[in-house]
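Residue numbers (the working numbering), protein chains in the order written: chain E, 3 to 209; chain Y, 3 to 209; chain C, 3 to 209; chain W, 3 to 209.
Every residue gets a Cβ at the ideal spot worked out from N, C-alpha and C, and that includes glycine.
Protein chains: 4
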Amino acid sequence: MAYRTTAKMLERKEARRRVILAAATRLFGQQGYHATTVPMIVAEAGTSTGNFYFYFRNKEDVFAAALSNLGERISAAINDAIAQAPTNPLLHMKAAVEGFVLFLAQNPEEARILIVESSGLSSRLEEIRRTIIASHSRGVENALRLLAPKLPPLEPGVTARCWTGAVYEAVYSWLELPEDKRTPAKAVAEAVARFNLRGIGASPDLL
Amino acid sequence: MAYRTTAKMLERKEARRRVILAAATRLFGQQGYHATTVPMIVAEAGTSTGNFYFYFRNKEDVFAAALSNLGERISAAINDAIAQAPTNPLLHMKAAVEGFVLFLAQNPEEARILIVESSGLSSRLEEIRRTIIASHSRGVENALRLLAPKLPPLEPGVTARCWTGAVYEAVYSWLELPEDKRTPAKAVAEAVARFNLRGIGASPDLL
Amino acid sequence: MAYRTTAKMLERKEARRRVILAAATRLFGQQGYHATTVPMIVAEAGTSTGNFYFYFRNKEDVFAAALSNLGERISAAINDAIAQAPTNPLLHMKAAVEGFVLFLAQNPEEARILIVESSGLSSRLEEIRRTIIASHSRGVENALRLLAPKLPPLEPGVTARCWTGAVYEAVYSWLELPEDKRTPAKAVAEAVARFNLRGIGASPDLL
Amino acid sequence: MAYRTTAKMLERKEARRRVILAAATRLFGQQGYHATTVPMIVAEAGTSTGNFYFYFRNKEDVFAAALSNLGERISAAINDAIAQAPTNPLLHMKAAVEGFVLFLAQNPEEARILIVESSGLSSRLEEIRRTIIASHSRGVENALRLLAPKLPPLEPGVTARCWTGAVYEAVYSWLELPEDKRTPAKAVAEAVARFNLRGIGASPDLL
DNA sequence: GATGAATGAGGCTTCATTCAT
DNA sequence: CATGAATGAAGCCTCATTCAT
């Protein structure tokens, strides 16, 4: 008992946790929640079952962690994209869409856990999943309200959902194609952005 | 001669099958594929396990049946809507969206099985599910190609997906709201149609 | 209600029963007791499940019937063979072996139900099965006791079992060969008879 | 360092496996394959269902293991017996029969799994079972070909089967007797050997 | 007598989770 | 902290048998 919990140890612990989380995320994305078993995850992560339960309360817990983690990274990606765009609400929205599509396209494995498996998960998980999408939608909804004066009359709630739905479905079907048949991600991103901006009635001269 | 297979008996058999299928559809929609067990289905349908397997090969089989059934009814609903609209490609597209949204809104329980639970299903099921959505998308894609001369330049594949994605997500989130907080279905349908038509660049005067 | 049970009807009933029994025997021989289901039997026999239970108490019952039936036919075949042989105990034994082998070779499908599946059947069935073999053995045992003075000292019980064991295993392995690779049945029969007669120490000049 | 996989742990694992295997072998021998259920096996072995599947892929797997295990032990017993006999082909064959009979007589429970239950097993199992018997037969067949010059003309294939058939049936019926009515195993072994050697026409002076 | 839909007990197997080492 | 054996609830499915028509 000569030693205490050192910072180094905490780091290690964190690292270990990340390894497991990454393995889980990968497998969940590839096969879905139910088809992925804890033994599979620990095999992929190079640990043991017992150890898994040291880092996570249960299977649902890792999925939740994977989901939140993805949510944060998506937010970051979107904010990055916005930050690099000129200060203009519509251009911000455009940048957000493109940032989002590009992120998912660059992290296809993880992207799938957002789409793949939706219900049959405990409502807690389903909620997290929907939260990510919903927060995205809410972002759009807020923007729409701000822009309202410059746009034709809209149902902001519905319209925001159309916006996000368009993005997700476009990405999902794109991910379903074999890699050699995919349009370049950039082109997809732009096409989606264009569709959505037109959809909210942003006149071309606003861009 | 009570032992001859009569037409009445065949009807009864069909009826029984439908009862089970309906129960399964309902439960799948409410809880997803994995959370729904065969015992639950038979309890809901008022039959026995054994009898379930008399009518369906296995659990996957009912799900497939439920899905196909839904697919057909959706197609019918859309075609109906189109048939009642004036002969004009854009108005047809508009009618299709509205018909679709309204159908889903009127059959929320079943609608959910299309959305709820996607992967982790056998690839066969996933394929059926995607086929329904994809066939919808393809319909849109074809229409877009026909209308191409009158529309701005588009990526038809991506755009068609945006179109369907917008529809589904709008409906799904709408179904998530408690009934008393829902915008009237009609209004949603119109909002979505408007979003999509604008999204493909259909100038207002084309309508 | 103008009619009573006529002789013709009884015949019919018997005929129906035989059809089911034959179907069952065939399937049991091909696939064994457990792998054969009642639905399979009725399908093969061209009847219905319900009807099956009119003619037989249960599945075990048909198997028992098939077994007894086979036992009787085997006995008949053996007795036939003996009857046609010269009056000489050893030649009778020889004829019995040959008659038996030839019978099984001519009815391979049924032969197998004697060999295939032995335990895991209810002890009642197992008993019937063993009875057929045992009766055969007892016949040999009796013959051996009669011939004792002319033969070297033997353990009649054990020896009789060797005798029957040799016959069964020879036939069984013969039935396992694809038809085009089988030695002619006649040759097998003779080889087995020779082996057995030598086995009991019947000096060549006794034949 | 209690978490390292130690040699002791491996031993334990092996031991546990053996316990389950032994329980399974016993039950299979007593009741046959189909009548033995996994719950029965685990109860007999003092474990849980889950643990059973940790050690064996499925029920078929244990049966296969039990069968192979038995096959190996039989081979060993036969080889032992041969090794202790004088160097003389016929005496070797005699020793083999006696070794075999004695082994089965000493391990009656297990012996039965070789005899009990033959078809209706997956062809894989049936094959293993037949392989054990067949390998025995082939051994005899080879010996017969070597000895051919000194023996009367024989059909080696058929004769070899007669040989093994005699052995098995003798042992099986012997095992069926209540213990207090059984001839001593040694006597049975000798009687069988005598029957077989005479059967192949080995003249007494060759022994 | 005939039919086939209905029943339900029970078998095999999976897998999240716990716990002794 | 790590390991992996152990547990047992629970799911899917089969099939002998019954019963209403």
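| Asked | Found |
| --- | --- |
| Mind checking the segment 30-61 of chain C against chain W and listing, in chain order, the residues whose C-beta falls within less than 7 Å of any C-beta there? | 33, 34, 35, 36 and 37 |
| With a threshold of 8 Å on Cβ separation, who are the neighbours of residue 131 of chain W within its own chain once the five nearest residues in sequence on each side are excluded? | 69, 116, 120 and 123 |
| If you compare alpha carbons, which of Y:77, Y:111 and Y:180 is closest to residue 97 of chain Y? | Y:77 |
| Once the 5 residues before and after residue 3 of chain E are set aside, which same chain residues still bring their CB inside 7 Å of it? | Residue placement at residue 3 of chain E is poorly supported in this model, since its pLDDT is 45, which falls under 50; the coordinates are not used for a value here. |
| Listed from N- to C-terminal order along the chain, which residues in the segment 191-202 of chain W have their beta-carbon within a distance smaller than 9 Å of any beta-carbon of chain C? | 192, 193, 194, 196, 197, 198, 199, 200, 201 and 202 |
| With distances taken between CB atoms, is the gap from residue 104 of chain W to residue 113 of chain W smaller than 7 Å? | no |
| I need the straight-line Cα distance from residue 57 of chain E to residue 46 of chain E, nearest angstrom please. | 15 Å |
| Does residue 101 of chain Y pass the burial test, meaning 16 or more other C-beta atoms within 10 Å, or should it be called exposed? | buried |
| Which one of C:137, C:18 and C:201 has the shortest CA to CA distance from residue 74 of chain C? | C:137 |
| Less than 7 Å between the beta carbons of residue 163 of chain W and residue 175 of chain C, yes or no? | yes |
| Return no unless some Cβ of chain W is closer than 7 Å to the Cβ of residue 171 of chain C. | yes |
| Using CA coordinates, which residue listed in E:52, E:61, E:191 and E:158 is at the minimum distance from residue 203 of chain E? | E:158 |
| Please work out which residues of its chain come closer than 6 Å, Cβ to Cβ, to residue 64 of chain E, disregarding the five sequence neighbours upstream and downstream, and give them in chain order. | 26 and 58 |
| For the putative contact between residue 21 of chain W and residue 99 of chain W, defined by C-beta atoms under 8 Å, what is the C-beta separation to the nearest angstrom? | That pair is no contact at about 33 Å. |
| Assign residue 146 of chain Y to one of two classes, buried (16 or more other C-beta atoms within 10 Å of its C-beta) or exposed (fewer than that). | buried |
| Go through its chain and collect everything with a Cβ distance to residue 144 of chain W's Cβ below 7 Å, but skip five positions before and after it. | none |
| Can you tell me whether residue 126 of chain E is buried or exposed, with buried defined as 16 or more other CB within 10 angstroms of its CB? | exposed |
| With a threshold of 7 Å between beta-carbons, can residue 73 of chain W be considered close to chain C, or not? | no |
| Helix, strand or coil for residue 198 of chain C, going by three-state DSSP, please let me know. | helix |
| Quick check on the burial criterion: 16 or more other C-beta atoms within 10 angstroms. Buried or exposed for residue 90 of chain E? | exposed |
| Check for me: the alpha helix (DSSP H) holding residue 138 of chain C runs from which residue to which? | 125-149 |
| Would you mind working out which of Y:51, Y:110 and Y:142 sits nearest residue 93 of chain Y, comparing C-alpha positions? | Y:142 |
| Residues of chain E with CB under 9 Å from residue 189 of chain Y, in chain order? | 157 and 160 |
| Mind pulling the chain C residues with CB within less than 7 Å of residue 175 of chain W? | 163 |
| For the segment 95-111 of chain W, enumerate the residues whose C-beta is nearer than 7 Å to any C-beta of chain C, in chain order. | none |
| Answer yes or no: does any C-beta atom of chain C fall closer than 7 Å to that of residue 168 of chain W? | yes |
| Nearest-angstrom Cα distance between residue 153 of chain Y and residue 44 of chain Y? | 52 Å |
| Give the secondary structure of residue 8 of chain C by DSSP, where H, G and I count as helix, E and B as strand, and everything else as coil. | coil |
| Near residue 72 of chain W, which residues of its chain fall below 6 Å by C-beta distance, leaving aside the five closest residues on each side in sequence? | 112 |
| DSSP state of residue 94 of chain E, grouped into three classes? | helix |
| What does the alpha-carbon distance come out to for the pair residue 32 of chain E and residue 189 of chain E? | 25 Å |
| Quick one, which of C:28, C:41 and C:37 has its alpha-carbon nearest residue 67 of chain C's? | C:28 |
| Taking C-alpha atoms, which residue in W:134, W:40 and W:108 lies nearest to residue 181 of chain W? | W:108 |
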